[in-house]
Structure formats: C-alpha cells, structure tokens
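J.:
There are 2 protein chains.
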Amino acid sequence: MDMHNSKEKFLEAADVRLEELQLPQDLKRLSYAQCRRLAKEIRSVMVRVVSKTGGHLASNLGAVELTMALHRVFDSPQDKIVWDVGHQCYSHKILTGRLKEFSTLRRENGISGFPKPEESPHDTFISGHSSTSISVACGFAEAMELKGDKHHVIAVIGDGAMTGGLAYEGLNNGGKNKNLIVILNDNNMSISGNVGAVSGYLRSIRDKESYVRMKQGVEKVLVNTPHVGMPVVKVLKNTKDGVKNMLVRQTTLFEQMGFVYLGPVDGHNLQELEEVLRTAKRYEAPVFVHVNTVKGKGYLPAEKNPSKFHGVSKFDIMTGNPEVSGADCFSTVFGKELVRLAREDDRICAITAAMKYGTGLQYFEAEFPERFYDVGIAEQHAVTFGGALACSGMVPVFAVYSTFLQRAYDQLIHDVAISGAHVVLGIDRAGVVGEDGETHHGMFDVPMLTSVPGASIYAPATYGELRLCLQRAIRKDTGLAAVRYPRGSEKDLCFPIDTPNASYTYTHEDGAKMLLVTYGRVYNAVYKAHMTCEKSGYDTSLLKLTKIFPIQKELAEIAAGYQTVIFFEEGMGNGGISTLFGSMLAEHGFAGRYLRVSADHFVKHASIPSILDQLEMSEQAVCRYIYEYGNKN
Amino acid sequence: MDMHNSKEKFLEAADVRLEELQLPQDLKRLSYAQCRRLAKEIRSVMVRVVSKTGGHLASNLGAVELTMALHRVFDSPQDKIVWDVGHQCYSHKILTGRLKEFSTLRRENGISGFPKPEESPHDTFISGHSSTSISVACGFAEAMELKGDKHHVIAVIGDGAMTGGLAYEGLNNGGKNKNLIVILNDNNMSISGNVGAVSGYLRSIRDKESYVRMKQGVEKVLVNTPHVGMPVVKVLKNTKDGVKNMLVRQTTLFEQMGFVYLGPVDGHNLQELEEVLRTAKRYEAPVFVHVNTVKGKGYLPAEKNPSKFHGVSKFDIMTGNPEVSGADCFSTVFGKELVRLAREDDRICAITAAMKYGTGLQYFEAEFPERFYDVGIAEQHAVTFGGALACSGMVPVFAVYSTFLQRAYDQLIHDVAISGAHVVLGIDRAGVVGEDGETHHGMFDVPMLTSVPGASIYAPATYGELRLCLQRAIRKDTGLAAVRYPRGSEKDLCFPIDTPNASYTYTHEDGAKMLLVTYGRVYNAVYKAHMTCEKSGYDTSLLKLTKIFPIQKELAEIAAGYQTVIFFEEGMGNGGISTLFGSMLAEHGFAGRYLRVSADHFVKHASIPSILDQLEMSEQAVCRYIYEYGNKN
C-alpha cells in the first residue's frame, strides 16, 4: 500500500517516461497532462522506428489518444480490444509492454505490424484484412455471455473498413450484444480517399459536435441515478418519437442497425474520449462510438499527406521524404501498360478496391476517369460489378492484391466464370510480400483460380512479359484471365530476356538428366543456381512457365525426357501448379523422380529474400537440390 | 395497323389467357381486370408445375404482381431486370414467352429454376447465390452510361438477401447511378424467418402506408411540371431539413445510402405498384422502392406455411402436403448427432447462415437456443464469428451448403486457419445437387479447403460414418475441420457397412492389377461396378477414403502395388483430392498408369443420377473404365 502510494506520487509528480511505466496498468494513474506528454513520446517513438523499418504511420499517429483512452477506461485483456485491419495497433503495442521490442517492428523474429495473440494477451485476434473486427467482437461477446463474463468487447474500425460488406454483416448481427462497443475511428479516408455512400454519410455527421454532448449531459444524470436511471435511459434510446427525438432531430444509420450512437467526439481530446467511453461502458446495450481523428496527427509531413504515409518504406524524418526511388515497379508498369491499351480500346475499364496507388491505377484514373472505378474496400462487389460490365460488352480489369482477392472467390465462380464473362484480373503482390507477414502474402490466388473452370493464369517474371501477358489477357483470352506479378521491381534480373514470352521457355541442356520447373520471380534463383552448378559439372535443363494455367499438355512430354523433375512454386502447393503438374506427370506415365518445393504453411514476416530462402527458393537452396538429386557429368 | 387494332380490341374484350398473348409486349395493353385474371392463371400454372417438378414456390407466388408491373412499366430487355438469388423469377419466365417450356422447369434439358441468359434475352444475368443483384445492376448501369444508353436497370432483391454484405457493398456504390432502381421485395422473411438488425428495421417501416402516397402526391405534381418540376424534386430529396422533413419525420437507412426512397407499397396491388414504378422511372437519381409482399400469396397452404414452401419437392396440390418421407437424410443425421454431442460438451455452438432447416439445425436450436446462432445470409460473418468463438474456448460448428461456403474463403484463411482456431464445418449438399444446377452444385469446397494450411476434410458415405467423422472433427481434430456429405439420404447403399470408419478402407483383391480410389457417395457406384466386373473376370481392388485430407502417406505405398490406379472424384479435379493424389504418386515414383475422373466444367441441372452418369461416376461408367483399362484374369 505504501509502495503503491509512493509510486502514485511519483507518477503524479514526474514527467513520466514510457520506459519507466508498468503498462498498461500504470496508464490509469496518470494525469491528463502526463498523458499528453506520453502521447508525444509515443508519436516520437513511432516516427523514429517506422522511419527505419517502414510500416503504417499515418493511421497509427491518428490513433494515439484513442488507444490511451481505451486502456485507461477498460481493463485489457479481460476487456477485449479488437483492432480492425490491425495496422492501427502500434500505440496499443507500445502501451501493452512492447516498447523495447518496438524497434524490431516488422523485422524477422521481431514484433509484427499487426495484432498477434502469440506476442501478447492484449492482442486478441489476428487481423490484417479489412472489416473483420465487428464479427470477431460478436464472437468474443457471445462467448463472454455464455460464460457469464461481464467484461466488454471493443471493436475499433476505420471509416475505410466500413465499406466492406463483412462489417455490415457484423453490425447486422451485433445489434443484440449488450457488452459490445464498436468504435468508428473516422479519419475521413481509408487509404487513398474514401468512396461510396457511407463515406458521404459519415462526412455529413462527423462535424456535428453537439450530438453526444447533449445526449451525454442528459444521460449522465439519468445513468447515475441508480434503479431509476437505467430504465429511463432505455426508454430514451428505444422510443423513436420520445425525448430523444427532441434532443436530436435525426436518427443515424447505426441506430437503425440496433446500436446506441454516441458521437462524434474529438479523437485527440483525451478527456472527451474517456468520457464517451465511460458512458458507452455503462450502457446495457450495444454502443456505437463515432470518433473523429486526423490521420498523421502530430507529424507534419504525414498530416499533410496521409495517403503517402499510409504504408511507407523507410523515410527521412526531417523532410518526410520516403527513401523510394521514382523507378518503376511491377505495379506502375501494369498501370501504364493498361493506359496504353485503353487508348486503343474504349471497352477497357479499370476497377480497384481502395488501392488506386498500390496497384498503379492512378495513371488510368487521370486519363480515363469515366472508365475508372474505385469501389472502396469491397472486393466482392468489384468482381460482381466487373462480371456485369463484361456481360455488357466492356472489358473490366480489376487490379487487386493477391491476398485481398481471397474475398471474392465465390464471385469469381458465380458472377464471372459460370457465364464465361471476360473479366481480367491484375493480381498484384502475388507471392511473398515480406514484412507484412502471414495475413498479406499472396499465396492463395493460384490454388483459388485453378479450381475455377475456364480460368487462365499468367505469371510474368519481367516487365516485358507483364506487358505482353496483359495484352494477351485483354485481347486474346476469353473468360476469366488473370495476370499475377510480385511486389517490387524486376531489378537484379540475371537471366537473359531476349524476347518476352507469354507461354513458356524451355532451356534444354544436352545430357542434362534433371529438369527444373518454375514460374515468376523464382526463375531468377533457379537460373542462377543452374549457372552456378553447371560450373561444377551439374547440368540442368530449365522450364520457365509464363502462362501457368491451364498447363500446356506438351510439357508432360518434355518432362518425360528427364530422370528428375523439380518444381519450385512460390505459393501454396496444394491446388497450385506444382501439384497439378505432378498429377499430369502421373497421368502421363512419368517414371522418374518428381519433387515439389512449395509452401504448405503460413509464412511469418521477414524480408522477401529471407523468406524465399526459408522456402528453399533462393539460389543457394536450389543449388542444394541440384547437388543432392542431380548427377555430375 | 388494322391487325394491331383488332388485337387490341380482342385483348380489351376477352378473358385473356396466357397462351394467347405475345409476351411480354401484350402485357402493356391489358386492363387491370385482365391482369388480375392473368395473375390467377400464372399462380395456377406455378402451383401445378412445381407440384410435379419441385422448386421454389412461396417466393414466386409472392412476386406475381410485382413482375407484371415491372414488365408493364419497363421495356425488357432494353431495360434490364436483375433478379437477386434468382429463385423468384418464375412469373418472369412465364411472362417473357416461356409458358410452354415452363412444364420442363428444373428438368434435364428443360428450363432452369434460375435466370439464365442463354434461355432468353430477358434473363440478364445468372444468379443463384444471394445478394448479388445490386452489384450486377451497378455494372449494367455504368455500362449503359458509358454507351449513352438511357434505359433503366432494376435490381429486385428480397429482404433476406439484404443481410448479405455484398448487397451493402452494392448499395454503397450504387448511390450514384442515375438509371438504377433497387426494388426491395419485402416478404418479411428470408427462408426460415429473418434475423438481425436490418430485418427489425424493415419491419419497423414496412407498415407505414402513408409515406409513399404523400410523397408521390406532392412529387407527381412537381415532376409533371416540365423545367420546373425536376429541380424542385431534387431539392426535395436533397435537403434534409426542407420540405421533405415536413412530409416525413424520419429519413430511412436507404436514403442515407444515397437513394431516393419510395415505399412501402402493397406488392399485390398492381395499380399502386405501377404508380410507384413510374415515379421511380422519372427520377434522375437512384431510387429504392420498398414493396411489401406476402410469401405464398394465392395458394393457401403456402401462405400459411411459407418456410415449408420455400424450396419444395413434389407435393399434393389439394392438401399442400409435400411428398417427403419423414425419413432421415444426411442433414437430419448431422443435426441430431450434433445435439447428442452438445449434450456432453457445453462448448459446442451451432451456426447457420439462414439455413436452419436445410442443415438440420432445428434440433439444436430447440435444445440449446443459447448456443445456436442464425446469422442470416452472411457466410463471411458466420466464419469470422466462429473463429472468435473458437479463440474464446468454444467449439463452433458452422453448418453450411458447400456452394455458399465459397463466400467465406478469405475468412477461413484469415480468421480461422492463421490462428489455428478450432472451427468445425458441416458441409451439406457437397457434390452435385441435381435440379438446382450450376449455381448450386457443391463442387468447390474440397479445392478450397486443400489450399488452407492445417485443414482436415472428411467425406463420410454413410450415416454411421457421418456421426463418427463429426465426433472426430469436434473432439480429436485441432484447427479447421470439415465434414462434407451429400444432399439426400444413404438409401440404396449396396456396400457392406460393418464398422464405420473415419480414415480409409482398403479392399484388397488377390491378383487385382487395378485399384479404384474414391470417396463419399460415389463409392456406391464404384463398389457395384467392382462386383459386376468381378463376375466377368475383372478383379479390382478398392480404396475408399473417409478422411480425404490430408492424404495419408501410406496410400501411395498401397497404390504403388498396382499397374493402374483410377480416382473417381465428385467435384472439381483441380485442387481436389484426385490431383493431389496424382502428384503424390508422381512424388512417390509410381510407374503405373494413373487416371482421374472428375469435374472440370460447370454442370447443368438434371437429376443427380443423370449427372453422375454424365460425369462418368455411375456404375455403368465405372464398369466401362474397368473393361477398358483392366485385365481379365
């Protein structure tokens, strides 16, 4: 008790520093002034670390006070905080005892840029995809109810994530969970500006400062009058034409979904935040709290240009200039080639799900705004919408990250493939993406698409091939045609790129008894290994696939000429090309040895080269295979 | 001109009959009295045909007047009508020239129970899954705009389908299409009673009769005053605090999404319907029309019990009694076994996405209502919600039709598998489903799940195996565990079922050089063929898989003992067990002949036996394989 007291005194007196605190529990003992200083320190830590490691900056700078308020009002981990998309969780990580580890953010064996239960009990659920938090919170809330646990579940969701249908499914089901609080962290933009009706609607209410104050004022009095207060509050919120309608003239969308609506409040005013959260906590009803925040808050370059600082690589703290060259990458090459093709064909439309810059579609929007569609974070809609455009004679091209395309598997089957609609997919970030980790690697698009009748898949390894494949997919293919390409650039290409090829390249070595098969970026490593091992007398032939699916039948004939065939695939093996190729060999009567090197598990975050080495797809790893299974001349 | 006139007279005078009309164009010339008689005839045709063919009855009976009104006010196919889920399209089929073919409904080579563009230009888009119509309509609307086409696109969506997130993504994006009309066909229930906040919300506004009348009254005057009218109407609908707020005190959710809201109107009053549709047509803005209908309207047994008549088999017209035996089917066996297990384990929860009866979960709800969750048509939410329940120590079991599980591929990966959450799937209607056709066959669940790290899949062929597999999945497995079983019953089982088995059964025949591999229902045909061919001297060994994934390694060893291995798989081959098995054989150095028999295209509607024969999975087809590739002793 004495110790406790003395500590409390210390906390009150001193200019506290993060590293001196037991977190999150000490947070509750700080004064508002101390909290404000701490918020500054947190921002400074985040800017310093992210400038070195890269990561999501703007959204995290905007969520500092909100995170502090949550940990001061609620008792994590008994109260469960669920972060939507997860990339706004940096303050949360720092405030739950991971200050020391924070410098290892997104590094191999370091902490993840997303919530991860294995790191801390305060990270309640894995998240990296958008719009999951309300459904997750519903699950937690129901489980608590079944167990008689009276704690709260708090979902924190951004306005961008509100455009995803899953969020709505969650809201529709969450309206009955008494211990559920949904916090809308409304920074008035998702990644590159928000779209759609909900966004406009939020804008219309985000500036109403009076609503919560009035409401809180009245209700605080009522709630604090025991035995009388609560029932009155219930009447207050259930009677549409009652007292409340006198207080506020308009019900909100969220009230219509069954939630008590509180807000909007200033997301950088700690006192106001805590007040509204305490009110929310007292309700015996699901509550929706609307919080206005400023993306990039506290770091001028990010406040001025939040889109640029949404997800960043390393940058210079003083100038705010990211260390990014203006050089092309697969995304920009894709975007520019699409513009070129669209100049010649006015049926071509471009669709993105809130990833205009990420997918290189900014060029298309600039030149053909009337044929450009940013549908928000709504991959399902993007595909179904594309299916209908195609059935109307347009040629829709949906540019999407591989990992997010997973959201639209049913739509690819039901709204595109059954009718044979000609929809083109530009699948960006195919294969491992590095530091974003398991939720973001593009490992599933190939297995997804091989099961869809009539699909074609290209996996260009160079810019030239990307251009050629995109032309083929748009002009020559029918039905669903996908072009998949990795994150980053083609730099360090070592193999000769004479003529771009959209089918396959077979490099036959006389006397070679081993055939190495692969596609996409990994061909680089395979080619290097082939050259290296040749020097020590191990000859290998190479088969590089560009159109990877359907697999051309003659490839079985080619493979049949070898004693050993090894397939390297950067993606899930099951349902991937390497298993289909294996089955084709068995069906063809192949009598040699077949080996598959592919992923069969979720891959943790690390640099791309490091991951490729773990997956045995680096030059060194391929060499090991050649030495182990090959023959010396 | 004379002919035209005389025909018109005839139409006015006579008690018109469907077969005498040129449809849909003649519809516009009929009087309301004639239309009412026609509506009766349509209902009588539907009841008569569906009583013989089976199909969706209640929803179609409810949509007769709405369909007539649509075809009288709009010009299909220039104006495009998009039917959500599609199973409310029977009147539409009859009214667009398919009266004669209607008796072939859902029969092989007959017309489909869902919209199908290849049948008629009036069927604008394939649909069979829920909540797609608004996104489809957005695509059509945008394409029209790009082409300068001034026609309208009308999406007709049921209140049940409004619980699916895709509908919301569509609404969020549709609020800017001037030529878009969304019609909510609100019968106050989806399949077995509606759930969630939206449903409650709709109930709250569906009885307000005055809204549209008042609004229509005022606006009709305004719209009809050229040059002045329209701008005023625009002010009327854009000014939240203006004239409109005096007319109606509360804005609706759909207005907040950017739509002009008209309704609710009586969906069986043709005149009122046409009036509101004409008003909707005149707006230069997206319009949302709320129509109240009665499911089963006009056929008493269906009005009284709409759930029972949602999707029916044959039934007796006089009594309304479906010709269904009270006998068990895979769904009820699943449901009852789950109840038994839940008695012993209070962690077990059951989740359905609006398919309580279809999946046999009514027993669970009756006994454990507090652990039963019907989330509405929201498969994404169901899986994510289940993931969170599992992370809270519960054992969620999501019972879902195979085809609808496609909606949740990303959630299975992101919200279940990455964390290794123990979620159990009861996958009903796995394999071909017969008369519902391509949108409904369960062909993709196995390829979907094999790509997900850590998943287990069981494919029981008998009730006993289903019980055993469900026990294993719940009690023994960790992570994602799926039990898949076909539509219908185990009747006509011909193979011996001594001891139910949850792994595999290898039936070795001395001297046999051919191994037949399969799983699930197809084992029946394979077993029969094996017995039949044995009599003519063709010996085959049998390998029946029950736990189909991961494939047990020793199976390669077993297969290696044969000259010929044939795998029969009722589902998509790519990514299915038959390709993974093939690749395993290649990796194992199998030197014999491997053949795969599986699906590689979308399968049209027909009876299940007929489809299995087309897919070469009938006894006769398997015999042909044995004779062609086998050896006589």
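Residue numbers (the numbering used here), protein chains in the order written: chain V, 19 to 651; chain E, 19 to 651.
Note that beta-carbon positions come from the ideal geometry of N, C-alpha and C, so glycine has one too.
(1) Might you give, ordered along the chain, the residues of its own chain that have their beta carbon closer than 7 Å to the beta carbon of Ser596 (chain V), omitting 5 neighbours on each side?
(2) Could you give the residue range of the alpha helix (DSSP H) that holds Asp284 (chain E)?
(3) Report the CB separation of Gly589 (chain V) from Val501 (chain V) in whole angstroms; it is logged as a contact under 8 Å.
(4) For Lys354 (chain E), which residues from the same chain have a beta carbon less than 6 Å from its beta carbon, with the 5 sequence-adjacent residues on both sides left out?
(5) Val418 (chain E) and Asp454 (chain E): beta carbons closer than 9 Å?
(6) Please return the same chain residues whose Cβ sits closer than 7 Å to the Cβ of Leu407 (chain E), not counting the five positions on each side in sequence.
(7) For a quick check, are the C-beta atoms of Phe608 (chain V) and Glu160 (chain E) less than 9 Å apart?
(8) Excluding the 5 residues flanking Pro249 (chain E) on each side, which residues of the same chain have their C-beta closer than 8 Å to its C-beta?
(9) If the cut-off is 7 Å on Cβ atoms, which residues from the region 569-603 of chain E count as contacting chain V, listed in chain order?
(10) Name, in chain order, the residues that DSSP records as bridge partners for Ala417 (chain E).
(11) Quick check on Lys571 (chain V): buried or exposed, where buried means 16 or more other Cβ atoms within 10 Å of its Cβ?
(12) List, from N- to C-terminal side, the beta strand (DSSP E) runs of 3 residues or more that fit wholly inside the region 441-481 of chain E.
(13) Taking its Cβ as the centre, do 16 or more other Cβ atoms sit within 10 Å of Ser636 (chain E), making it buried, or is it exposed?
(14) Using a Cβ cut-off of 9 Å (strictly closer), state whether Asn197 (chain V) contacts chain E.
(15) Opposite Leu534 (chain V) in the DSSP bridges: which residues?
(16) Does DSSP put Ile201 (chain E) in a helix, in a strand, or in coil?
(17) Would you say Arg124 (chain V) faces chain E, with C-beta separation under 9 Å as the test?
(18) Out of V:Ile369, V:Glu397 and V:Asp428, state which residue places its alpha-carbon closest to the alpha-carbon of Pro387 (chain V).
(19) Suppose the cutoff is 6 Å on Cβ atoms and the five residues either side in sequence are ignored; what does the same chain contact list for Glu634 (chain E) look like?
(20) Taking 9 Å as the CB-CB limit, is Tyr391 (chain V) close to chain E?
(21) Go to Lys565 (chain V), then tell me how far its beta strand (DSSP E) extends in each direction, as first and last residue.
(22) With 8 Å as the C-beta to C-beta threshold (strictly closer), list the residues of the region 167-187 of chain V near chain E in chain order.
(23) Where Val65 (chain V) and Gln52 (chain V) are concerned, what is the direct C-alpha to C-alpha distance, given to the nearest angstrom?
(24) For Lys98 (chain V) and Val171 (chain V), which I take to be in contact (beta-carbon distance under 8 Å), what is that distance rounded to the nearest angstrom?
(25) Since His619 (chain V) meets chain E, which of its residues come closer than 7 Å, beta carbon to beta carbon?
(26) What distance in whole Å lies between the Cβ atoms of Tyr391 (chain V) and Leu79 (chain V), which are believed to be in contact at a cut-off of 8 Å?
(27) Determine the chain E residues that contact Arg611 (chain V) at a beta-carbon separation under 7 Å, and present them in chain order.
(28) Report the residues of the region 422-440 of chain V with a CB closer than 7 Å to any CB of chain E, ordered along the chain.
(29) Shorter than 8 Å, the distance from the beta carbon of Leu295 (chain V) to the closest heavy atom of the ligand NAP, or not?
(30) When you compare the CB positions of Gln424 (chain E) and Thr270 (chain V), do they come within less than 9 Å of one another, or not?
(31) Alpha carbon to alpha carbon, what distance is there between His308 (chain E) and Gly338 (chain V)?
(32) Determine whether the beta carbon atoms of Glu81 (chain V) and Pro324 (chain V) lie at a separation below 9 Å.
(33) Using a beta-carbon distance cut-off of less than 9 Å, what residues from the region 401-423 of chain E approach chain V?
(34) What's the gap between the Cα of Asp33 (chain E) and the Cα of Phe158 (chain E)?
(35) Applying the criterion that 16 or more other CB atoms from any shown protein chain within 10 Å of the CB defines a buried residue, is His286 (chain V) buried or exposed?
(36) If you count every other CB in all the chains shown that lies within 10 Å of the CB of Ser331 (chain E), and 16 or more means buried, which is it?
T.: With the structure as the only source:
(1) Phe585, Glu587, Arg614 and Ser616
(2) No alpha helix (DSSP H) contains Asp284 (chain E), which is instead part of the beta strand (DSSP E) from Val278 to Asp284.
(3) Incorrect: roughly 15 Å between the Cβ atoms, too far for contact.
(4) Tyr381
(5) no
(6) Cys367 and Pro414
(7) no
(8) Per-residue confidence for Pro249 (chain E) stands at a pLDDT of 37, beneath the threshold of 50, marking its modelled position as unreliable; the derived number appears in the next sentence. Excluding positions up to five away in sequence, the list is empty.
(9) Within the region 569-603 of chain E, the residues whose Cβ lies closer than 7 Å to some Cβ of chain V are Met590, Asn592, Gly593, Thr597, Leu598, Gly600, Ser601 and Leu603, listed in chain order.
(10) E:Thr370 and E:Gly444
(11) exposed
(12) 442-446 and 474-476
(13) With 16 or more Cβ atoms within 10 Å of its Cβ, Ser636 (chain E) is classed as buried.
(14) Under the 9 Å criterion on CB atoms, Asn197 (chain V) is classed as non-interfacial with respect to chain E.
(15) V:Leu560 and V:Ile584
(16) strand
(17) no
(18) Of the candidates V:Ile369, V:Glu397 and V:Asp428, the residue whose Cα lies closest to the Cα of Pro387 (chain V) is V:Ile369.
(19) Val615
(20) The C-beta of Tyr391 (chain V) comes closer than 9 Å to at least one C-beta of chain E.
(21) Lys565 to Phe567
(22) Along the region 167-187 of chain V, going in chain order, the ones with a CB nearer than 8 Å to a CB of chain E are Thr181, Gly182, Gly183, Leu184, Ala185, Tyr186 and Glu187.
(23) 20 Å
(24) Right, their Cβ atoms sit about 5 Å apart.
(25) Pro471
(26) The Cβ separation is near 30 Å, so there is no contact.
(27) Residues of chain E passing the Cβ test: Gly607.
(28) For the region 422-440 of chain V, which is checked against every Cβ of chain E, the residues closer than 7 Å are Gln424, Arg425, Tyr427, Asp428, Ile431, His432, Asp433, Ile436 and Ser437.
(29) Of ligands this structure carries none, so the ligand NAP is not represented either.
(30) no
(31) 52 Å
(32) Correcting the residue identity first, residue 81 (chain V) is Ala in this sequence and not Glu. For the pair Ala81 (chain V) and Pro324 (chain V), the CB atoms are not nearer than the 9 Å cut-off.
(33) Val401, Thr402, Phe403, Gly404, Gly405, Ala406, Leu407, Ala408, Cys409, Ser410, Gly411, Met412, Pro414, Thr421, Phe422 and Leu423
(34) 38 Å
(35) buried
(36) exposed
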